[in-house]
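K.L.:
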Amino acid sequence: MTIALTPRRAAAGALTAALLLPLAACGEESGGTENTGGEGQRTELTVLAAASLTDVFKTAGTAYEKAHPGTTVKFSFAGSQDLAAQVKQGAPADALVTADEKTMDGLQADTGTPTVIAKNRLVIAAGKGNPKHIKDLNDLAKSDLKVVLAAPEVPVGRYSQQVLDQQNVDVKPVSQEPNVRAVLSKVELGEADAGLVYKTDIAAADGKAEGIDIPDAQNAIAAYPAATLEVSEHSAAAAAFVKWLSGAEAQKILADAGFQKP
109 MTIALTPRRA AAGALTAALL LPLAACGEES GGTENTGGEG QRTELTVLAA
159 ASLTDVFKTA GTAYEKAHPG TTVKFSFAGS QDLAAQVKQG APADALVTAD
209 EKTMDGLQAD TGTPTVIAKN RLVIAAGKGN PKHIKDLNDL AKSDLKVVLA
259 APEVPVGRYS QQVLDQQNVD VKPVSQEPNV RAVLSKVELG EADAGLVYKT
309 DIAAADGKAE GIDIPDAQNA IAAYPAATLE VSEHSAAAAA FVKWLSGAEA
359 QKILADAGFQ KP
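Note that my numbering has the sequence shown beginning at 109, numbered continuously upward.
1) In chain order, what residues of the same chain have a beta carbon less than 8 Å from the beta carbon of Gly280, not counting five sequence neighbours either side?
2) Apart from the five residues on each side of it in sequence, which residues of its chain come closer than 6 Å, Cβ to Cβ, to Asp301?
3) Skipping 5 residues on each side, what residues in its chain have a beta carbon closer than 6 Å to that of Thr144?
4) Exposed or buried, Ala226, counting other C-beta atoms within 10 Å across all chains shown (16 or more means buried)?
5) Within 10 Å of its beta-carbon, does Glu137 have 16 or more other beta-carbons around it, so buried, or fewer, so exposed?
6) Suppose only complete runs of 4+ residues qualify. What are the alpha helix (DSSP H) ranges in the segment 221 to 290, listed by chain order?
7) Could you give the DSSP three-state label for Gln359: helix, strand or coil?
8) With a Cβ-Cβ cutoff of 7 Å, do Val305 and Val288 count as a contact?
9) Take the Cβ of Asn228 as the centre, count every other Cβ of all protein chains shown within 10 Å, and call the residue buried at 16 or more, exposed below.
10) Among all the DSSP beta bridges, which residues are the ones paired with Glu318?
11) For Ala184, which three-state DSSP category applies?
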């Protein structure tokens, strides 16, 4: 049976169609348009970051979320070599920040163009009050001293071995740790007398460990590159975060934590 459309029914049909069109457009847009965290939208960014950035990035993340309503930043901290393995395995994340350029360079097929956002340097970490009276790198070779280093595949481990080799200091570590925070923890807990960590780690130790400076001529400088990840489902938002890390607000946060300018 055919129903004739009265003028009222025709008008109602036209109104219904007009209301459905924007909904259809929204459905299409949600599947193909970047959600950058605008009003009424939520974007959750996952950032893989070197362990030495643990404290400062928590502060930076809070600042970023405040300045970018609608965007939440989640961090996953680990040694840079572990982060690289996650990236190669296709871990769902949006950006990566490593503690060395070598690790980042090995991920060129998986990242956007990296930008160095900060630098760091090594210090000797000793127990609170420096009970072993450690003065310099040469002291780390003493047979009665328990020294812990990061594993050689970890950026801080490579930097540490570079510094020790240049000064002809032969250290036999009691353990080799998977990241710099594990080295610091051993010293803080008294499981080691000394270790080599970043200057910013001592600042974050809150008095539980003491830092002995290494002269610039004997030291190594760590660079922290940041890049977006090709697997990101929020590429524009990820790029915005990486760019923000080089801006004035983030650079002040990094400087306040003891990091050097890029």
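Yeah, the Cβ is synthetic: ideal placement off N, Cα and C, and Gly gets one too.
P.N.:
If we stick to the structure as given:
1) The sequence as given places Lys at residue 280; Gly does not occur at that position. These residues qualify, in order along the chain: Val255.
2) Lys240, Leu253, Lys254
3) Reliability of the predicted coordinates at Thr144 is poor, the pLDDT of 46 falling under 50, and no value is obtained from them.
4) buried
5) Since pLDDT at Glu137 reaches only 32, below the 50 mark, its modelled position is unreliable, and no value is offered.
6) 263 to 274
7) helix
8) yes
9) buried
10) When DSSP reads this structure, Glu318 sits in a beta bridge with Ala234.
11) Before going on, a small fix: residue 184 reads as Ser here, not Ala. Correct three-state label for Ser184: strand.
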